[in-house]
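Here the protein sequences come in this chain order: A and B.
Residue numbers for the first sequence follow my numbering, so the first one is 43 and each next one is one higher.
Residue numbers for the second sequence follow my numbering, so the first one is 4 and each next one is one higher.
Backbone N, C-alpha and C fix where the C-beta goes; we use that ideal spot for every residue, glycine too.
Given the structure is predicted, the values throughout are model-derived calculations rather than measurements.
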Amino acid sequence: MKVLAIDSSSKTATVALVEENGVIGEYSINYLRHSVILMPMIDELFKKCEVPINQITHIAVSEGPGSFTGLRIGAATAKGLAHALNIPIVGVSSLLALAYNVSEFEGLICPIIDALNENVYGMLIRGDNFEVLTEVGVYSLEEIAGLVRNYSSKVLFVGEGVYSYKNKLQDIIGKKALFAKDKDNMARAVSLGEIAIQKIKNGEVVSYFDFKPVYIRKSAAEVRLIGEGS
Amino acid sequence: MDKDIIVLGIESSCDETAAGVVKNGKEVLSNVIHSQIEIHRKYGGVVPEIASRKHIEVISFVVEEALQKAGVILDEIDVIAATYGPGLVGALLVGLSYGKALAYAKSKPFVGVNHIEGHIAANYLGGEFAPPFICLVASGGHSHIVFVKDYGEYEVMGQTMDDAAGEAFDKVARALGLGYPGGPAIEKAAKMGNRSAIEFPKSFMEERNFDFSFSGLKTAVLNYLNRQRQKGEEINVYDVAASFQRNVVEVLIKKLIDAAKSKNIDKISIAGGVASNSFLRQKLEEEAKKIGARVHYPDKIYCTDNGAMIATAAYYDFIKGKISGWDLNAIPYLKIGEKM
Ligand SMILES: [Zn+2]
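In structure tokens, the structure reads:
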């Protein structure tokens, strides 16, 4: 099993080669322009790790949530590679991958990605066993605070959402709220890849034909049309 | 005899997800088009985010079907190409990222193609038409008169100053309640109308350059409809459609004929969605005959957005040595002849 993991769902473009018994390499750039840098980064990764591309058995990719365009650059790249190599895709939640950056934390983990206007894509995970307590959704900061109130343990916020809402969350939630360090708030393809290896063992793979991002949100035009009742 | 060159072309710049396989720049082995028109119809136009989402859902199916219909496997493809502009950036990125990834994993050269140059290259399919010629490229998003000096060598002689021709058709069709997309709807309605019924002003008709404008005409049609409604007079939708269509066609043809005369070129072609308008084709043939010019247009299926035209354009770029880097970005306002 050799997995190429790709995540371009946030500001970070990150790619990694991961095996069952460890990480071969990772390459991350925390600076947008995914459409320009993602493919050269993959090329560089294969070259520097001296792994022939046809040894790859699976492509793991962020399925979302995140930037719609970023998700599609990752998805199209993953699908194209999987098509050419005729191998399956493993879709991994970008929130779950962020939580994995701080998986050793024993309280609650709340990965958050900015969904604009004081909303976040988020979920709630128990740190010790990685049990999902609240499914992925779009939540206001107050709603996030409400979710956290149901538990007595401390909550560690992780992800790009921390940059936007650290102060506000601290105000609402108080001392119970902890915030991950910058290195952990960045998407990491190794986290995505390690989760993917577990998913592969569970048989949770999809064909490149069927893989598509999970946006959580409808497009603005669809929302408008539903609003008009037509 | 040199080895054959087989190109896979991918197109996703607007609301069609398409892939085609073309041999030596002229022989179409397959051309698969997945149109999203039905999805966008209820919005009255293409919604970029919805188009992008649909592209990612269907792209693997479209590419695989194109390979199967062509009877080739990916290893037998020599060059992989995809549109990188102009178009909707989110939509472009799907086909472009997919094409780069396919080419990378198969160690094949990748060629990024200008969508409008793709429309022009559709003329080469079949292999009986070659530069130099004057080409009108007109569709929903673009309207240009181009002097095609040689394969891949372009001089833009004129273009629309405001709306694209297809856009004007869409807007007028909507005002007349004829639905979307406007081109085919107007053409159909116009067949039942009198094209001399209403005289709308002809924009830029007397200008000596080759630019044109459709916004004034569109406004004139809307004003006419308003006036008739205010006067309580009945509107003959068919007459309006026919008169509007005649106006557009006469302006386009005059500019096109003048452009051919100015370059002393006796070959004229039309390409792009608007080129499938039968009235335009017929009128152009009549006018071209008067100056002894020959008219060529791609089959209607190659006038819509498609992958075969992208493959053909890529073929001519490739044999001239053009190969794109893995860092090629989508460029929504890419100009004709601009090389990245
Ligand atoms: Zn087009």
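Measuring straight from C-alpha to C-alpha, what distance separates residue i and residue j?
i, j, result
"A/Leu137", "A/Ile215", "21 Å"
"B/Gly90", "B/Ala84", "16 Å"
"A/Tyr250", "A/Val103", "11 Å"
"B/Gln162", "B/Phe213", "7 Å"
"A/Ile98", "B/Asp7", "31 Å"
"A/Lys208", "A/Asn192", "20 Å"
"A/Gly169", "A/Asn96", "36 Å"
"B/Val159", "B/Glu202", "30 Å"
"B/Gly232", "B/Leu225", "The residue you asked about is not Gly; residue 232 of chain B is Arg in the sequence shown. Rounded to the nearest angstrom, the two C-alpha atoms are 11 Å apart."
"A/Met81", "B/Gly102", "11 Å"
"A/Met43", "A/Asp252", "21 Å"
"A/Thr111", "B/Ile294", "50 Å"
"A/Leu140", "A/Gly203", "11 Å"
"A/Ser109", "A/Ile258", "11 Å"
"B/Leu331", "A/Leu74", "15 Å"
"B/Lys292", "B/Ile260", "10 Å"
"B/Lys205", "B/Gly275", "22 Å"
"A/Asp85", "B/Phe113", "14 Å"
"A/Ile155", "B/Ser15", "29 Å"
"B/Tyr154", "A/Val200", "54 Å"
"A/Lys268", "A/Ala118", "The displayed chain sequence assigns Ile, not Lys, to residue 268 of chain A. If I take the Cα positions, the gap works out to 28 Å."
"A/Asn72", "A/Ser50", "10 Å"
"A/Lys260", "A/Arg266", "10 Å"
"A/Ser145", "A/Lys53", "22 Å"
"A/Tyr205", "A/Phe221", "10 Å"
"B/Val3", "B/Lys338", "Outside the shown range of chain B (4 to 343) lies residue 3 of chain B, about which nothing can therefore be said."
"B/Glu236", "B/Glu67", "55 Å"
"A/Gly235", "A/Asn171", "18 Å"
"B/Gly182", "B/Arg297", "34 Å"
"B/Leu70", "B/Phe64", "10 Å"
"B/Asn267", "B/Glu290", "15 Å"
"B/Asn197", "B/Arg211", "30 Å"
Alpha carbons only, please: which of the options is nearest the one belonging to residue i?
i, options, result
"A/Tyr69", "A/Val60, A/Ile79, A/Glu264, A/Thr56", "A/Thr56"
"B/Val251", "B/Ile189, B/Gly310, B/Ala311", "B/Ile189"
"B/His37", "B/Asn117, B/Glu19, B/Lys72", "B/Glu19"
"A/Ile115", "B/Ala124, B/Leu99, B/Ile13, B/Glu290", "B/Leu99"
"B/Lys194", "B/Ser206, B/Ile339, B/Gln248", "B/Gln248"
"B/Val82", "B/Asp330, B/Ala317, B/Gly340", "B/Ala317"
"B/Ala104", "A/Ile242, A/Ala139, A/Asn128", "A/Asn128"
"B/Arg56", "B/Gly93, B/Phe172, B/Thr86, B/Lys45", "B/Gly93"
"A/Phe88", "A/Ile258, A/Ser194, A/Tyr73, A/Gly67", "A/Gly67"
"A/Leu166", "A/Ile186, A/Phe147, A/Asp156", "A/Ile186"
"B/Glu156", "B/Phe136, B/Asp165, B/Gly219", "B/Phe136"
"B/Lys72", "B/Lys266, B/Ser16, B/Val35", "B/Val35"
"A/Gln10", "A/Glu184, A/Asn63, A/Thr54, A/Ser50", "With chain A covering only 43 through 272, there is no way to say anything about residue 10 of chain A."
"B/Asn280", "B/Val75, B/Tyr300, B/Leu228", "B/Tyr300"
"B/Tyr336", "B/Thr86, B/Gly74, B/Val240, B/Val24", "B/Thr86"
"A/Arg47", "A/Lys53, A/Gly133, A/Gly245", "It should be noted that the sequence gives Ala, not Arg, for residue 47 of chain A. Nearest option by C-alpha distance: A/Gly133."
"A/Ser194", "A/Phe172, A/Phe147, A/Lys90, A/Lys218", "A/Lys218"
"B/Ile273", "B/Ser265, B/Lys303, B/Asn267, B/Lys266", "B/Lys303"
Measuring CB to CB, does residue i end up less than 7 Å from residue j?
i, j, result
"A/Asn161", "A/Ser182", "yes"
"A/Leu211", "A/Ile151", "no"
"B/Val254", "B/Phe215", "yes"
"B/Gly310", "B/Ala54", "no"
"A/Lys254", "B/Ile42", "no"
"B/His122", "B/Val151", "no"
"A/Val65", "A/His100", "no"
"A/Tyr142", "A/Pro107", "no"
"B/Gly12", "B/Ala223", "no"
"B/Ala263", "B/Cys306", "no"
"B/Lys258", "B/Ile119", "no"
"B/Ile256", "B/Leu287", "yes"
"A/Lys196", "A/Gly149", "yes"
"B/Ile334", "B/Gly88", "yes"
"A/Ile131", "A/Val248", "yes"
"A/Ala263", "B/Tyr46", "yes"
"A/Cys91", "A/Leu59", "yes"
"B/Ser218", "B/Asp173", "no"
My guess is that residue i and residue j are in contact by the Cβ rule of under 8 Å, so how many angstroms apart are they, rounded?
i, j, result
"B/Gly143", "B/Ala178", "Not really, about 17 Å apart at Cβ, beyond 8 Å."
"A/Thr176", "A/Leu158", "In fact, because the Cβ distance is near 20 Å, the residues do not count as touching under 8 Å."
"B/Cys17", "B/Asp308", "6 Å"
"B/Ile40", "B/Pro184", "6 Å"
Three or more C-beta pairs below 8 Å linking the region 100-109 of chain B and the region 120-139 of chain A:
yes
Decide if the region 22-34 of chain B is in contact with the region 116-135 of chain B; the criterion is three or more beta carbon pairs, one per stretch, under 8 Å apart.
yes
Tell me, please, whether the region 181-201 of chain B touches the region 227-244 of chain B by the rule of three or more beta-carbon pairs shorter than 8 Å.
yes
Please determine if the region 215-230 of chain A and the region 81-94 of chain A are in contact, where contact requires at least 3 C-beta pairs separated by less than 8 Å.
Under the Cβ criterion (8 Å, minimum of three pairs), the region 215-230 of chain A does not count as touching the region 81-94 of chain A.
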